[in-house]
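Student: Okay, here's the structure, questions in a sec.
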Amino acid sequence: MRVLVVGSGGREHALAWKIAQSPLVRALFAAPGNPGLGRLATLVPLKAGDVEGLTAFAVRERIDFVVIGPEAPLVAGLVDRLAAAGILAFGPTAGAARIEGSKAFAKEVMIAAGIPTAAFATFTEPKGALAWAASRGGQVVVKADGLAAGKGVVVCGGIEEAKVAIREILVERVHGAAGATLLLEEKLAGPEASCIAFTDGVRVRMLPAAQDHKRIFDGDRGPNTGGMGAFCPTPKVQAALLAEIERTVLLPAVRELARRGHPFRGALYAGLMLTPDGPRVLEFNARLGDPETQPILMRLRGDLVPALLAVARGDLTAVTLDVDSRASVGVVLAAEGYPGKVTTGDVIAGLDATLGADQQLFQAGTASGPGGQVVTAGGRVLTVCALGATHAEAMERAYDAVGKVSFRGMQYRTDIGGSA
Ligand code: AMP
Ligand code: GLY
Numbered sequence: 438m439r440v441l442v443v444g445s446g447g448r449e450h451a452l453a454w455k456i457a458q459s460p461l462v463r464a465l466f467a468a469p470g471n472p473g474l475g476r477l478a479t480l481v482p483l484k485a486g487d488v489e490g491l492t493a494f495a496v497r498e499r500i501d502f503v504v505i506g507p508e509a510p511l512v513a514g515l516v517d518r519l520a521a522a523g524i525l526a527f528g529p530t531a532g533a534a535r536i537e538g539s540k541a542f543a544k545e546v547m548i549a550a551g552i553p554t555a556a557f558a559t560f561t562e563p564k565g566a567l568a569w570a571a572s573r574g575g576q577v578v579v580k581a582d583g584l585a586a587g588k589g590v591v592v593c594g595g596i597e598e599a600k601v602a603i604r605e606i607l608v609e610r611v612h613g614a615a616g617a618t619l620l621l622e623e624k625l626a627g628p629e630a631s632c633i634a635f636t637d638g639v640r641v642r643m644l645p646a647a648q649d650h651k652r653i654f655d656g657d658r659g660p661n662t663g664g665m666g667a668f669c670p671t672p673k674v675q676a677a678l679l680a681e682i683e684r685t686v687l688l689p690a691v692r693e694l695a696r697r698g699h700p701f702r703g704a705l706y707a708g709l710m711l712t713p714d715g716p717r718v719l720e721f722n723a724r725l726g727d728p729e730t731q732p733i734l735m736r737l738r739g740d741l742v743p744a745l746l747a748v749a750r751g752d753l754t755a756v757t758l759d760v761d762s763r764a765s766v767g768v769v770l771a772a773e774g775y776p777g778k779v780t781t782g783d784v785i786a787g788l789d790a791t792l793g794a795d796q797q798l799f800q801a802g803t804a805s806g807p808g809g810q811v812v813t814a815g816g817r818v819l820t821v822c823a824l825g826a827t828h829a830e831a832m833e834r835a836y837d838a839v840g841k842v843s844f845r846g847m848q849y850r851t852d853i854g855g856s857a
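Residues in the sequence shown are numbered consecutively from 438, following our numbering.
In structure tokens, the structure reads:
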């Protein structure tokens, strides 16, 4: 079959790496992709958010199956448009992707389905929001309702911080229309885990649980980022807890979305905090995580394409996921300045270094430079992954591969996997 991967990050590179290994796949395309994806797929110069352009391309090129990585095209209705054109896609419709596109809608679904989550209230005016925050001594989390490229969440340590966050989002509209509605949440504490399931709208198949490292610096210090690395599995979520999360979080969400006429077919991501009172949902995403996908896919054995197709066709009955017993670690190499304004255009050395069978480099913010070299082109540049018999061994192998790559200003955490 002819397959198109939509997106250009490490997640999409890892997806394409698995998809390219499938005997079912005759031709692979990526839009817009990156130079790493370009080694596996024919690159198509269309943006991930270009719903009309991507649909026209898929029709013209007789694409059989489209695999969509990022949330923006899902929320914008790419799957709906492709379906109308008779093209099968992995990913939810716009109606189902609202679980990520609107945090208020996600809360509504959670309440209706009895899914454990932080106490919250929604506001469109600062006055009520300030009163709610004050009543909790400012120990709140302020969230823009809509998509804000992972930046619309402020965890507040006191009322002054809450005031600033409420004003920025609701009044100054620093995230634009995404901040027209504001959510305030009770501030929870505990380790976090990413629990992602493939779902066909009815059934779910849990992927192994992962842990992301959102802060820029070692020891979980400094500002939040899109993710500086992840490892899988996380010892914080053993089999019994994963089964509980499937039963109390993923399945109820899938049932509630179906009941509302929006069956969710794709990867449903529950971002959880493991509190002393049990797991609580912080957010749902309508897609695979980045960087979690990279270490997760390192552990999936066998052909991924039949599972993706079964999700899209709405029947996971025959699918079981074959997971490698080894641990995996993925370390993000970021550009100078990240998570703020980054420098780009620095030549990346070592991309052709010899790696072991269980080490992989996945490209994200990269571009082809003038001399044919690969240069940096974004905040998160690469995810360097490795498998190991233990987390410690996976970590050692991952950092061994990190040592083979370099670019000016390269920054990364040295403790990814250490907490496992
Ligand atoms: P989100 O995009 O909603 O997952 O939030 C981003 C990050 O903010 C999460 O990974 C948590 O570290 C933190 N966060 C979100 N909601 C809460 C909460 N209710 N309590 C404490 N921390 C939170
Ligand atoms: N790594 C967090 C996310 O994908 O949303």
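Heads up, the beta-carbon is just placed ideally off N, CA and C, and yes, glycines get one too.
Source: prediction; values computed, not measured.
Is the beta carbon of Phe-466 less than 8 angstroms from the beta carbon of Leu-441?
Tutor: For Phe-466 and Leu-441, yes; Cβs fall inside 8 angstroms.
Student: Within the same chain, show all residues whose beta-carbon is closer than 8 angstroms to that of Asp-861, passing over the 5 residues directly before and after it, in chain order.
Tutor: Missing from the structure shown is residue 861; the chain here goes from 438 to 857 and no further.
Student: Can you check whether the CB of Ala-786 is closer than 8 angstroms to the CB of Gly-802?
Tutor: no
Student: Under 7 angstroms: does the beta carbon of Met-547 sit that close to some heavy atom of the ligand AMP?
Tutor: no
Student: In terms of DSSP beta bridges, what is Cys-822 paired with?
Tutor: Gly-767, Gln-797
Student: Since Gly-514 contacts Ala-531 with CB under 8 angstroms, what's their CB separation in whole angstroms?
Tutor: 4 angstroms
Student: Return the first residue and the last residue of the alpha helix (DSSP H) that Glu-598 is part of.
Tutor: 596 to 603
Student: Roughly how many angstroms separate the alpha carbons of Leu-620 and Gly-739, rounded to a whole number?
Tutor: 42 angstroms
Student: Tell me the DSSP bridge mates of Tyr-433?
Tutor: It is not possible to answer for residue 433, since the shown part of the chain is limited to 438 through 857.
Student: Taking contact to mean 3 or more Cβ pairs, one atom from each stretch, closer than 8 angstroms, check whether the segment 546 to 565 and the segment 518 to 532 are in contact.
Tutor: no
Student: At which residues does the beta strand (DSSP E) containing Val-503 begin and terminate?
Tutor: 502 to 505
Student: Where does Met-643 sit, in a helix, a strand or coil, going by DSSP?
Tutor: Met-643 carries a strand assignment under DSSP once its states are collapsed to helix, strand and coil.
Student: Tell me whether Glu-489 is buried or exposed, calling it buried when 16 or more other Cβ atoms sit within 10 Å of its Cβ.
Tutor: exposed
Student: Apart from the five residues just before and just after Ser-459, which ones in its own chain have a Cβ nearer than 6 angstroms to its Cβ?
Tutor: Excluding positions up to five away in sequence, the list reads Asp-740, Val-742.
Student: Per DSSP, which residues does Phe-466 bridge with? Please list them.
Tutor: Beta-bridge pairing by DSSP links Phe-466 to Leu-441, Thr-479.
Student: In its own chain, which residues sit with a C-beta less than 6 angstroms from the C-beta of Gln-731, not counting the 5 before and 5 after it?
Tutor: Residues Gly-447, Ala-451, Gly-767, Phe-799, Thr-820, Cys-822 of the same chain have their beta carbon placed closer than 6 angstroms to that of Gln-731, with the five preceding and five following residues left out of the count.
Student: Ser-843 bridges to which residues according to DSSP?
Tutor: Bridge partners of Ser-843: Ala-786.
Student: So for Ile-858, helix, strand or coil by DSSP?
Tutor: This structure leaves residue 858 out entirely; the chain is present only between 438 and 857.
Student: Would you say the beta carbon of Gly-664 comes nearer than 7 angstroms to a heavy atom of the ligand GLY?
Tutor: Taken from the Cβ of Gly-664, at least one heavy atom of the ligand GLY lies inside 7 angstroms.
Student: Could you check what DSSP says for Lys-624 in three-state terms: helix, strand or coil?
Tutor: coil
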